[in-house]
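These notes are about the structure you will find just below.
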Amino acid sequence: MAEVEYRCYSEPFLRQFVTDYFLALGESEEYAAINADAVISGALRWYPAQGQGLEKLFRHTRQMLEGGIVPNAPMSFVIDRPATAVLDAARGSGFVAGTRAMRKAIEKARAYGIGCVLVRRSNHYGTSGYYANMAAEAGLIGIAFTNAGPEMAPWGAKTAVLGTNPWGIAVPRRDGPPVVLDMALTMSGQGMIRWAYEEGRQVPITWALTRDGRRTTDPAELLEGATQLPIGDFKGYGLSFMTDAIAGVLSGAKFGLDAYADLKDLGVGHCLLALDIEAYMPRDEFESRLEQLIAQVKAAEPIQPGAEILLPGELELRRMEQRLREGIPVAVSTVERVRALCAEIGFECPL
Ligand SMILES: NC(=O)c1ccc[n+]([C@@H]2O[C@H](COP(=O)([O-])OP(=O)(O)OC[C@H]3O[C@@H](n4cnc5c(N)ncnc54)[C@H](O)[C@@H]3O)[C@@H](O)[C@H]2O)c1
Numbered sequence: 037m038a039e040v041e042y043r044c045y046s047e048p049f050l051r052q053f054v055t056d057y058f059l060a061l062g063e064s065e066e067y068a069a070i071n072a073d074a075v076i077s078g079a080l081r082w083y084p085a086q087g088q089g090l091e092k093l094f095r096h097t098r099q100m101l102e103g104g105i106v107p108n109a110p111m112s113f114v115i116d117r118p119a120t121a122v123l124d125a126a127r128g129s130g131f132v133a134g135t136r137a138m139r140k141a142i143e144k145a146r147a148y149g150i151g152c153v154l155v156r157r158s159n160h161y162g163t164s165g166y167y168a169n170m171a172a173e174a175g176l177i178g179i180a181f182t183n184a185g186p187e188m189a190p191w192g193a194k195t196a197v198l199g200t201n202p203w204g205i206a207v208p209r210r211d212g213p214p215v216v217l218d219m220a221l222t223m224s225g226q227g228m229i230r231w232a233y234e235e236g237r238q239v240p241i242t243w244a245l246t247r248d249g250r251r252t253t254d255p256a257e258l259l260e261g262a263t264q265l266p267i268g269d270f271k272g273y274g275l276s277f278m279t280d281a282i283a284g285v286l287s288g289a290k291f292g293l294d295a296y297a298d299l300k301d302l303g304v305g306h307c308l309l310a311l312d313i314e315a316y317m318p319r320d321e322f323e324s325r326l327e328q329l330i331a332q333v334k335a336a337e338p339i340q341p342g343a344e345i346l347l348p349g350e351l352e353l354r355r356m357e358q359r360l361r362e363g364i365p366v367a368v369s370t371v372e373r374v375r376a377l378c379a380e381i382g383f384e385c386p387l
């Protein structure tokens, strides 16, 4: 198995680098800071093979250079009703669009109990949990989902129509950081399969179908024309369809085969939803009831004696705490590609 070599950087160092990088690409201070926060949040929580963190710079840069992401795009709320709104992201940064839409949803939920903002004409927004967590950090319940380019075949088919369409759901806790579920609706993604191929690893049989609709563990057979298998078989397919029906169809964004088809206009759509706990019950009561649920889950008898039962998001939370202390690992191959990108845009690379 090929060993992937990593280099570690401190969080403040990487955050400064990514902020400066986005400024060099022409984003304003505000847009650069939001982009950097979303990228660093991904770098703290996920494995490089999951395509978050600095991996985000590659396609984002290509799109900015070729006009697919407009720097400082003039985003506007084209519909704005008491509890709902539609944000036209004007082909700007998906990170900024998701953040603005969730901020608006939080504002509406504080006033009306619930806020739901849909986004059209956006770009890839990174991790859904980032936006759901924004609401939970503000004391509300957050839900975020997005459509994406076709990677998943409808159940029983072998050609991709739907996206990996990730969901983030976050609830605030009295006794700790929010509980954050953050997951794609597919078992894997094309990036993870490529990574396994480069590391010389087999992939689980549940991950993907070959071009001709066969299951395999050989990533080499999945590099061209493969489709990603949904979580929970046909149930995950159903969830992905419904996600696109709301984040794509209802938002006025592109959907199905058209989403991501044109690098100059990905046309992504998102849904950002916030719920005010106090609209349903006193906060104290919710918090103590949630702690009871968590205690019951934690006390479940493990299959392996002594094994720990984890909450959704707990792995990523621990990873983040460790990386804040010890640094964020970046694959050396990624560092080299980032250096080449910096040279291309004429920015002195500190990595
Ligand atoms: N924007 C996009 O188009 C896009 C597409 C796909 C994925 N993503 C993002 O990629 C990231 C990775 O997604 P993923 O589906 O590969 O994540 P994953 O499969 O690693 O984790 C999914 C969820 O399962 C939880 N989990 C994992 N192991 C667990 C365990 N043993 N016990 C309890 N819970 C456990 C995690 O905490 C997480 O909440 C997410 O941030 C997602 O939003 C973005």
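Everything in the sequence shown is counted per our numbering, starting at 37 for the first residue and increasing by one.
Don't be surprised by glycine CBs; every beta carbon is placed ideally from N, CA and C.
- For residue 356, the uninterrupted alpha helix (DSSP H) segment begins and ends at 350 to 362.
- Per DSSP, reduced to three states, the secondary structure at residue 203 is strand.
- Closer than 8 Å to some heavy atom of ligand 1: that does not describe the Cβ of residue 273.
- Remark: three or more beta-carbon pairs, one from each stretch, lie closer than 8 Å, so the segment 159 to 173 and the segment 74 to 92 are flagged as touching.
- Contact annotation: the segment 166 to 179 touches the segment 204 to 213, with at least three C-beta pairs closer than 8 Å.
- Bridge pairing for residue 113: 123 [DSSP].
- A Cβ-Cβ distance of about 7 Å is found for the pair residue 315 and residue 150, placing them in contact under the 8 Å criterion.
- Secondary structure at residue 270: helix, using DSSP grouped into helix, strand and coil.
- For residue 354, the closest C-alpha among the options 213, 66, 61 is that of 213.
- Taking 9 Å as the cut-off, the beta carbon of residue 199 is found no closer than this to the beta carbon of residue 298.
- Taking C-beta atoms as the reference points, residue 366 and residue 61 fail to come closer than 9 Å.
- Taking a cut-off of 8 Å on C-beta distances, the segment 334 to 350 does not touch the segment 185 to 202, as fewer than three cross pairs fall below it.
- The segment 301 to 311 makes contact with the segment 276 to 290, as at least three CB pairs between them are under 8 Å.
- Counting the other CB atoms within 10 Å of its CB gives residue 382 a total below 16, which places it among the exposed residues.
- Of the candidates 245, 322, 77, 215, the residue whose Cα lies closest to the Cα of residue 226 is 245.
- Of 229, 278, 169, the smallest CA-CA separation from residue 138 is found for 169.
- Per DSSP, residue 40 lies in no beta strand (DSSP E) segment and is marked neither H nor E.
- In this structure, ligand 1 has a non-hydrogen atom nearer than 8 Å to the beta-carbon of residue 346.
- The beta carbons of residue 108 and residue 130 sit no closer together than 9 Å.
- A direct Cα-Cα distance of roughly 16 Å separates residue 348 from residue 328.
- Annotation for residue 362: 44 place their beta carbon closer than 8 Å to its own, counting only its chain and skipping 5 residues before and after.
- The C-alpha of residue 127 is placed about 29 Å away from the C-alpha of residue 386.
- DSSP places residue 312 outside both helix and strand once states are collapsed to three, so it counts as coil.
- At least one heavy atom of ligand 1 sits closer than 8 Å to the Cβ of residue 220.
- In the DSSP annotation of this structure, the continuous segment of the beta strand (DSSP E) that includes residue 218 starts and ends at 215 to 219.
- By the neighbour-count definition (other C-beta atoms within 10 Å, threshold 16), residue 186 is a buried residue.
- DSSP, reduced to helix, strand and coil, places residue 289 outside both helices and strands of the structure shown, so it counts as coil.
- Nearest C-alpha to residue 110 among 87, 157, 296: 157.
- For the options 217, 221, 215, 243, the alpha carbon positioned closest to that of residue 228 is the one of 243.
- In the same chain as residue 41, and ignoring 5 residues on each side of it, the C-beta atoms closer than 6 Å to its own belong to 368, in chain order.
- In this structure residue 374 is buried. Its beta-carbon is surrounded by 16 or more other beta-carbon atoms within 10 angstroms.
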